[in-house]
Amino acid sequence: MDMNMDVLGPYPSASDAPCNVLISDVKPEDLPFKISKALGKDYLSEMATRSGSVHGIVCNTKEDKLRVLVSLPVCMRGKSVATHFIFDTGAPKTYLALSVLQALGVPEVSLPNEVVKVNGVKALVTVSDSAKVCYTNGNGDTIELPCHFVGLNILGMDFLDRAGIDLRINMKDNTATFIFPS
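Note that the sequence shown covers residues 618 to 799 in our numbering.
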């Protein structure tokens, strides 16, 4: 089967469709407090690259939605900070909050994308601090939609694919294990 086709037709390219993940149960202010406590790591504190298995959690949020949360180091400009990600299989792209880039010493973000290393793996990330997601449809029209994850860090499927991660979720223990290749 052609990897760009499925039963519904060709997959849209990144320029054809918005990547607007619906995250209504987690807010940016949860990252340094509630999520830091659940993960046992302070948000944006120093963090070294981890090898092998990285453990996350399956968390029941305030709206009774289950979310996979993991803290991974994001590195840029010689600095590395603990970044709490929401892993979402429905997110084709990886997003970083502006607060992470600022903690890494990026004074101003002028482009919607930045290249960083997430746990030692080079990644193209999109900044998640815009109130709207814009895309161009097939007719050349620009479409704006409200962004549902402003200020959050979303670990998308692009990163898992690029990093070659073996992901194991254990609902019995509410754990998620991200196994990075050696």
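Using N, Cα and C, we set each Cβ at its ideal position, and we do this for glycine too.
Own chain residues within Cβ distance below 7 Å of residue i, not counting five before or after
i              : result
isoleucine 782 : Phe795, Ile796 and Phe797
proline 709    : Cys636, Gly773, Met774 and Asp775
asparagine 677 : Leu683
leucine 648    : Tyr660 and His701
C-beta contact flag for residue i and residue j at 8 Å
i              : j              : result
valine 744     : valine 733     : no
histidine 672  : asparagine 770 : no
asparagine 756 : arginine 667   : no
tyrosine 660   : serine 653     : yes
Member of the options whose CA lies at the smallest distance from the CA of residue i
i              : options                           : result
glycine 722    : Lys696, Thr700, Asp790 and Tyr712 : Lys696
serine 662     : Lys644, Glu646 and Pro690         : Pro690
serine 716     : Val698, Val687 and Phe704         : Val698
tyrosine 712   : Arg667, Ala793, Pro645 and Lys789 : Pro645
asparagine 791 : Val675, Ala714 and Asp746         : Val675
serine 799     : Ala780, Ala714 and Asn787         : Ala780
alanine 665    : Val643, Leu686 and Cys692         : Cys692
Endpoints, the beta strand (DSSP E) within which residue i is located
i             : result
leucine 741   : 738–744
aspartate 783 : 783–787
valine 723    : First-last for valine 723: undefined, no H or E at that position.
valine 767    : Valine 767 -> no beta strand (DSSP E), and no H or E assigned at all.
alanine 793   : 792–796
Nonlocal neighbours in the same chain, by C-beta distance under 6 Å from residue i, ignoring five residues either side
i              : result
glutamate 731  : Val742
methionine 618 : With a pLDDT of 40 at methionine 618, under the threshold of 50, the predicted position of this residue should be treated as unreliable, though the coordinate-derived value follows. There are no such residues.
Terminal residues of the alpha helix (DSSP H) in which residue i lies
i                 : result
phenylalanine 776 : 774–780
Q) Unbroken beta strand (DSSP E) runs of length 3 or more, entirely within the segment 634–696: which are they? A) 670–677 and 683–693
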